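Here the structure comes first, spelled out in structure tokens, and everything after it is commentary.
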Amino acid sequence: METGTLNKLSLFVEDLNETALAPNALKDAAHEFLAGQDFPTTRSERFKYTRLAKLANAAFSAAQSVNEVQIAQSKILIDAYTIVINHDNIQIPKNLPSGIEVSLIAETQIPFNEAAFYDIFGALNILHASLGISIHIRQNITLDKPLQILQINSGGKTFYRHHFSFEKNSEVAVYFISKNTEGHSSFAHTHFQYNIAKDARVKIFKIQDTNVGHFDFNEDRAKQAERSHFEINTITLCGSFVRNDAQVIIQGEHAQTYLNGAYWLKEEQHVANYTTIDHRVANCESFETYKGVATDKATAVFNGKVFVRKDAQKTNAYQSNANVLLSENASINSKPELEIYADDVKCSHGSTTGQLDENALFYLRARGLSEAAAKNLLLQAFMEDVLAYVKNEEVLAYVHKRIAARFNWNY
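In structure tokens, the structure reads:
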């Protein structure tokens with residue numbers, strides 16, 4: 126056990142109420158899984174590079190409701206269908222077009238129908254998630270505006286559960302904005318379930334911009350049907366502790382999957398990205414690109430795994446993780462993996478971590494740029510292929526503004 130974490134899990138959950146929403150059999154399985162468990166240590170493969178002592182010893186402020194001013198300040202998109210989630214309060218817009226249905230988790234058991242958990246946090250979500258939404262996009266529906274979901278934490282420990290169902294030939298862009306209010310320490314664990322039907326085109330954009338003192342855990346679970354296109358683009362701007370765990374199962378031929386991530390870390394910020402793409406059928410493609418910049422004493426983790434099953438012939442899978450370290454005390458642990466059981470595939474993976482190219486810096490300095498301006502330009506170019514997936518100008522402007530403010534960079 127890590128020092129300071131022994132017997133802390135029971136203390137962590139003692140003030141949490143058990144939900145009545147999950148089926149009893151599933152709750153029984155979660156209880157059995159958690160029996161005798163404590164916070165994972167670095168001996169656990171899933172937490173090998175993540176120390177949980179800070180979480181185990183954290184004190185969280187009491188949960189408080191947010192006001193309309195705080196909600197307005199949290200919005201990134203002005204022209205969007207906006208759902209607001211804050212502890213025991215969910216605001217659903219009244220002007221939703223036909224073809225999209227939004228309901229509360231308390232009104233349906235859909236989010237638990239395909240539940241599974243792989244660590245203590247997933248099991249705790251089964252037991253304690255009482256807040257969330259279910260979104261259903263009907264067949265042949267293309268939303269005329271983006272769907273913006275604001276999840277604002279303001280103290281306490283909260284488990285959320287969200288379910289998305291995208292019917293045949295639907296098309297939508299979803300922007301999930303994770304925030305927390307200033308001065309409130311909080312913990313959030315959010316489970317996302319996506320079912321993507323035949324020919325559906327779904328793009329998920331996650332903007333993680335929380336303050337110091339917030340622990341942000343995310344689970345994404347997706348299943349794709351034939352000829353579907355699915356993306357998760359995760360932009361981590363700020364947050365003391367962020368953990369993203371995305372798993373995609375490709376069940377239909379000619380499907381495309383994109384998992385992308387960009388993270389800018391400073392001080393003692395910790396961000397971990399875990400991904401799994403499971404190719405179960407032939408003629409599918411998956412592409413992963415994760416890039417990060419770390420300075421001060423920040424730490425990052427990337428652990429990506431691509432399975433190619435025996436029947437998944439003609440698979441094309443690409444996976445890349447690249448990082449730039451701007452200080453001697455920053456560290457990044459990277460582990461891309463391929464597990465291939467088919468013989469007719471095109472698969473590649475790679476990982477690089479290092480400093481900025483001194484020759485490129487010298488070249489820019491020789492043409493009149495200051496050292497700071499030269500570094501900024503190189504870092505912008507480095508992250509560009511990930512940010513290129515973000516087509517919304519409002520979101521891009523927000524990302525650049527926040528990076529410039531945090532790092533004193535000129536974007």
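Throughout the sequence shown, residue numbering follows my numbering, covering 126 to 536 in sequence.
Each residue gets a CB set at the ideal place from its N, CA and C atoms; glycine is no exception.
For clarity, every value in this text was computed on a predicted model and none was experimentally measured.
beta-carbon residue i near the ligand GTP non-hydrogen atom, thresh 7 Å
i	result
A160	No copy of the ligand GTP occurs in the structure displayed, which carries no ligand at all.
Per DSSP, cross-strand counterpart(s) of residue i
i	result
H316	R286, E344
E356	K328, Y383
L450	A419
F301	I274, K331
R368	F342, A397
A108	There is no way to answer for residue 108, as the model of the chain reaches only from 126 to 536.
H261	E226, S290
S411	T382, A442
Y388	T361, G417
F532	F532 is not bridged to any residue.
H404	I375, V433
E462	K430
E296	T267, R326
S311	G281, H339
I321	F291, Q349
Proximity winner among the options, relative to residue i (alpha-carbon distances)
i	options	result
Q394	G377, D403, D334	D334
L268	N278, L252, N294, I245	N294
Y443	K422, I402, S186	I402
D345	I374, K391, E483, H404	I374
A160	L384, A248, G257, K328	A248
N458	T382, S311, A419	A419
A313	F289, K282, A298	K282
A530	D469, C363, L180, N446	C363
S290	A241, F355, D469, D341	F355
E170	I196, L221, D244	D244
E392	T478, G493, C472, G338	G338
Q162	K133, A178, L146, D153	K133
I357	L390, G377, Q318	Q318
G340	A155, E509, A178	The displayed chain sequence assigns Phe, not Gly, to residue 340. Considering only alpha carbons, the answer is A178.
N343	F246, Q438, R434, D469	F246
V470	F172, T440, R492	T440
I203	L275, R168, A380	L275
Whether residue i touches residue j by CB criterion (8 Å)
i	j	result
K331	S365	no
A371	A350	no
Y285	I217	no
D324	S353	yes
R368	T175	yes
K460	F427	yes
E232	I262	no
D421	S452	yes
I258	H212	no
E413	L384	yes
F507	V449	yes
F137	A197	no
A455	A499	no
A298	K328	yes
N517	P222	no
F242	A183	no
T477	A447	yes
Beta-carbon contacts of residue i that lie in its chain and below 7 Å, excluding the five residues immediately before and after
i	result
Y388	T361, V396, G417, A425
T144	L252, H253, A254, S255
A485	L503
F559	Any answer about residue 559 is impossible in this case: the structure gives the chain only from 126 up to 536.
L489	A499, L502
L141	H253, K282
E226	H261
G129	Confidence is the limiting factor: at G129 the pLDDT is only 45, short of 50, which leaves the residue's position unreliable, though a coordinate-based value still follows. Hits under 7 Å: A178, A181, N182.
Own chain, CB closer than 6 Å to residue i, minus 5 neighbours either side, in chain order
i	result
K430	T401, E462
L131	Any reading at L131 must be qualified, since the residue scores a pLDDT of 48, below 50, and its modelled position is unreliable; no value is offered.
I277	V191, S199, N211, K304
N250	F284, H314, H316
G386	T359, N398, Y415
F158	A248
Q189	S279, G280
F532	none
G475	S445
E127	With a pLDDT of only 45 at E127, under the threshold of 50, the placement of this residue in the model should not be trusted; the figure read from the coordinates follows. Result list for E127: T166, A178, in chain order.
Q438	A407, A467, D469
8 Å Cβ shell around residue i - same chain, five flanking residues per side excluded
i	result
L521	L512, V515
D436	R405, V406, A407, A467
I201	Q273, Y300, I302, I332, E519, V520, Y523
E537	Summary: the structure shown does not reach residue 537, with the chain confined to residues 126 through 536, and so no result is reported for it.
Q480	V449, L450, L451
K219	none
Test: residue i CB closer than 8 Å to a CB of chain D
i	result
E143	Protein chains in the displayed structure number just one, and chain D is not present.
Which residue spans inside the segment 194-243 form an unbroken beta strand (DSSP E) run of at least 3? 206-211, 214-216, 225-229
Going residue by residue through the segment 469-520, where are the continuous alpha helix (DSSP H) segments of at least 4 residues, counting only ones entirely within it? 483-491, 496-512
Could you pull out every unbroken alpha helix (DSSP H) segment of at least 4 residues lying fully inside the segment 146-189, listed in chain order? 149-159, 178-181
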